[in-house]
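Undergrad: Residue numbers (our numbering), protein chains in the order written: chain A, 1 to 268; chain B, 269 to 399.
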């Protein structure tokens, strides 16, 4: 049978139309799967923490909080300080609040290790500089998230962050995890990605508060900054609080209480 | 033809060499991978049903895992409503691997066969095998 070129093109066109239409019909018949948030999820517009340094009486209190966070998230314990990875850690007051430095400052605070972590800024410089949007601000609740799958390890975010809250995995972190304490429900990271605190988004998603707040015995208060009835707002209304380097315009969501929540206004 | 004999001989040797892997491999064929679903969690299931139908999982799991990842990490939506209406926590470590706790006998079987090297396990923790 001889087929004209014209006939052939007609046939081909028709079968293409049928082919496309057919798959479209098949797709519409089947119910398409969908994604929904967990109904247990805590909802807030901008999560914040208030850290009351006066409630951290001993080094053990601080260590316990760090330990809980780092174990939960499989943060490696790398001894070389140039390669270490940290989510929540301590710094001396002169480093946490360099602008508050004063020769005559209470000795107690001068030598006190301050807990510090990602500030989950409202205007985060790390997000602005990330070339792959591996770090991004969640529109729903203001958490500055990390998408490890996208991170290319360029460290722009580390340069951008004025709080030193980010760590690069210079080496494979797995050998530095305690095999007995590994949390099988959370991933580790790999060499070449930057990591930091994610405000326990995985706990918030199932209705729990961040691990540091949970383990702090009330020294760290967690809540929604935009909700006037939240616990965080109550503390902020009653107590004088400070934030790290507010003059940079990053608008941190982590507040510090120094000098007693109850004795606010009377001085330390 | 100059040196015709040598050229023809050379050609025969060349073709022989090139074809050798095919000739020696004739009829042998690699055994089709047979991923095992023989795990305690799957054995305990009344109806052995994955998140979606077997055929869909076979061909689409890689795309599905990518979609799950994007939904959980980027959109914060972590429940998957499957075609049959059942809900699943979208988590490689906490959902997939809870049933398929035999990575070496399940994932690796096909991945090695087809030479796929997914980087999931650089970060995600595989279940302890033999447990």
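Ideal Cβ placement from N, Cα and C applies to all residues, glycine included.
Let me know the beta strand (DSSP E) ranges lying completely inside the region 14–79 of chain A, each 3 residues or longer, listed in chain order.
TA: Counting whole runs of 3 or more residues, the region 14–79 of chain A contains the beta strand (DSSP E) stretches 34–36 and 47–52.
Undergrad: Assign residue 348 of chain B to one of two classes, buried (16 or more other C-beta atoms within 10 Å of its C-beta) or exposed (fewer than that).
TA: The sequence position of residue 348 of chain B within the second chain is 80, counting from 1. Answer is buried; the Cβ neighbour count reaches 16.
Undergrad: Could you tell me the alpha carbon to alpha carbon distance between residue 281 of chain B and residue 386 of chain B, rounded to whole angstroms?
TA: Within the second chain, numbered from 1, the residue matching residue 281 of chain B stands at position 13. Within the second chain, numbered from 1, the residue matching residue 386 of chain B stands at position 118. Their backbone Cα atoms lie some 40 Å apart in a straight line.
Undergrad: Give me the Cβ distance between residue 189 of chain A and residue 169 of chain A, rounded to the nearest whole Å; I'm assuming they're in contact under 8 Å.
TA: Residue mapping note: residue 189 of chain A aligns to position 189 of the first chain, counting from 1. Residue mapping note: residue 169 of chain A aligns to position 169 of the first chain, counting from 1. Residue 189 of chain A to residue 169 of chain A, Cβ: 5 Å. Contact.
Undergrad: Can you tell me whether DSSP reads residue 230 of chain A as helix, strand or coil?
TA: Along the first chain, one-based indexing puts residue 230 of chain A at 230. Three-state result, residue 230 of chain A: coil.
Undergrad: Give a yes or no on whether the C-beta atoms belonging to residue 127 of chain A and residue 153 of chain A are separated by under 9 Å.
TA: Here residue 127 of chain A corresponds to residue number 127 of the first chain, with the count starting at 1. Here residue 153 of chain A corresponds to residue number 153 of the first chain, with the count starting at 1. No. Outside cutoff.
Undergrad: From residue 120 of chain A to residue 243 of chain A, what distance separates their C-alpha atoms?
TA: Looking up residue 120 of chain A in the first chain gives position 120. Looking up residue 243 of chain A in the first chain gives position 243. Looking at the two C-alpha atoms, the distance is approximately 12 Å.
Undergrad: I'd like to know if residue 392 of chain B contacts chain A, where contact means its C-beta is closer than 9 Å to some C-beta of that chain.
TA: Sequence index remark: in the second chain, residue 392 of chain B carries index 124 (1-based). Chain A contact via Cβ: present.
Undergrad: Hey, residue 64 of chain A and residue 215 of chain A are a contact pair by Cβ (cut 8 Å); roughly how many whole angstroms apart?
TA: Locating residue 64 of chain A in the first chain gives position 64, counting from the first residue. Locating residue 215 of chain A in the first chain gives position 215, counting from the first residue. At roughly 6 Å, the Cβ-Cβ gap stays under 8 Å, so residue 64 of chain A and residue 215 of chain A are in contact.
Undergrad: With distance defined between alpha-carbon atoms, name the residue in B:334, B:388, B:343 and B:379 nearest to residue 205 of chain A.
TA: Residue mapping note: residue 205 of chain A aligns to position 205 of the first chain, counting from 1. Closest by alpha carbon: B:343.
Undergrad: Closer than 8 Å by beta-carbon distance: list the chain B residues that pair up with residue 140 of chain A, in chain order.
TA: Working through the first chain from its first residue, we reach residue 140 of chain A at position 140. Those are 344, listed as they occur along chain B.
Undergrad: Can you find a C-beta in chain A that's less than 9 Å from the C-beta of residue 358 of chain B?
TA: Mapped onto the second chain, residue 358 of chain B falls at position 90. For residue 358 of chain B, the answer is yes, since a Cβ of chain A falls inside 9 Å of its Cβ.
Undergrad: Decide if the region 92–103 of chain A is in contact with the region 135–143 of chain A; the criterion is three or more beta carbon pairs, one per stretch, under 8 Å apart.
TA: With the cut-off at 8 Å, the region 92–103 of chain A and the region 135–143 of chain A do not touch.
Undergrad: What's the C-alpha gap between residue 44 of chain A and residue 382 of chain B?
TA: Numbered from its first residue, the first chain carries residue 44 of chain A at position 44. Numbered from its first residue, the second chain carries residue 382 of chain B at position 114. Computed Cα separation, rounded: 46 Å.
Undergrad: State yes or no: is the beta carbon of residue 285 of chain A nearer than 9 Å to at least one beta carbon in chain B?
TA: Look at the range of chain A in this structure, 1 to 268, and you will see that residue 285 of chain A is not part of it.
Undergrad: So, at 8 Å on beta carbons, what are the nonlocal neighbours of residue 250 of chain A in its own chain, with the 5 sequence-adjacent residues on each side left out?
TA: If you number the first chain from 1, residue 250 of chain A lands on position 250. So the list reads 119, 121, 122, 123, 124, 125 and 162, once near-sequence residues are dropped.
Undergrad: Using the beta-carbon count (16 or more within 10 Å), is residue 306 of chain B buried or exposed?
TA: Position 38 of the second chain, counting from 1, holds the residue named residue 306 of chain B. Flag for residue 306 of chain B reads exposed.
Undergrad: Quick check: the Cα distance between residue 32 of chain A and residue 160 of chain A, rounded to an integer number of angstroms?
TA: Here residue 32 of chain A corresponds to residue number 32 of the first chain, with the count starting at 1. Here residue 160 of chain A corresponds to residue number 160 of the first chain, with the count starting at 1. When rounded, the distance between both Cα atoms is 42 Å.
Undergrad: Going along the chain, which residues of its own chain have a beta-carbon closer than 7 Å to the beta-carbon of residue 130 of chain A, five neighbours each way excluded?
TA: As a working mapping, residue 130 of chain A is identified with position 130 in the first chain. Hits under 7 Å: 156 and 157.
Undergrad: Which residues bound the beta strand (DSSP E) around residue 223 of chain A?
TA: Position 223 of the first chain, counting from 1, holds the residue named residue 223 of chain A. Run containing residue 223 of chain A: 220–224, per the beta strand (DSSP E) assignment.
Undergrad: Among A:109, A:198, A:74 and A:186, whose alpha-carbon lies nearest the alpha-carbon of residue 135 of chain A?
TA: Taking the first residue of the first chain as position 1, residue 135 of chain A is located at position 135. Closest by alpha carbon: A:198.
Undergrad: Helix, strand or coil: which one does DSSP assign to residue 331 of chain B?
TA: Translated into positions along the second chain, residue 331 of chain B becomes position 63. If DSSP states are grouped into helix, strand and coil, residue 331 of chain B belongs with the helices.
Undergrad: Touch check for the region 176–187 of chain A and the region 67–80 of chain A: three-plus C-beta pairs under 8 Å?
TA: Yes, they touch.
Undergrad: Roughly how many whole angstroms lie between the Cα atoms of residue 399 of chain B and residue 301 of chain B?
TA: By 1-based counting over the second chain, the position of residue 399 of chain B is 131. By 1-based counting over the second chain, the position of residue 301 of chain B is 33. For residue 399 of chain B, the predicted structure reports a pLDDT of 48, less than 50, and the residue's modelled location is therefore unreliable. The matter cannot be settled from this model.
Undergrad: Just verifying my parser: in three-state terms, what is the DSSP assignment at residue 342 of chain B?
TA: Position 74 of the second chain, counted from the start, is the residue given in the question as residue 342 of chain B. DSSP places residue 342 of chain B in helix when its eight states are reduced to three.
Undergrad: Under 9 Å Cβ-Cβ, which residues of chain A neighbour residue 361 of chain B?
TA: One-based indexing of the second chain puts residue 361 of chain B at position 93. Those are 184, 185, 186 and 187, listed as they occur along chain A.
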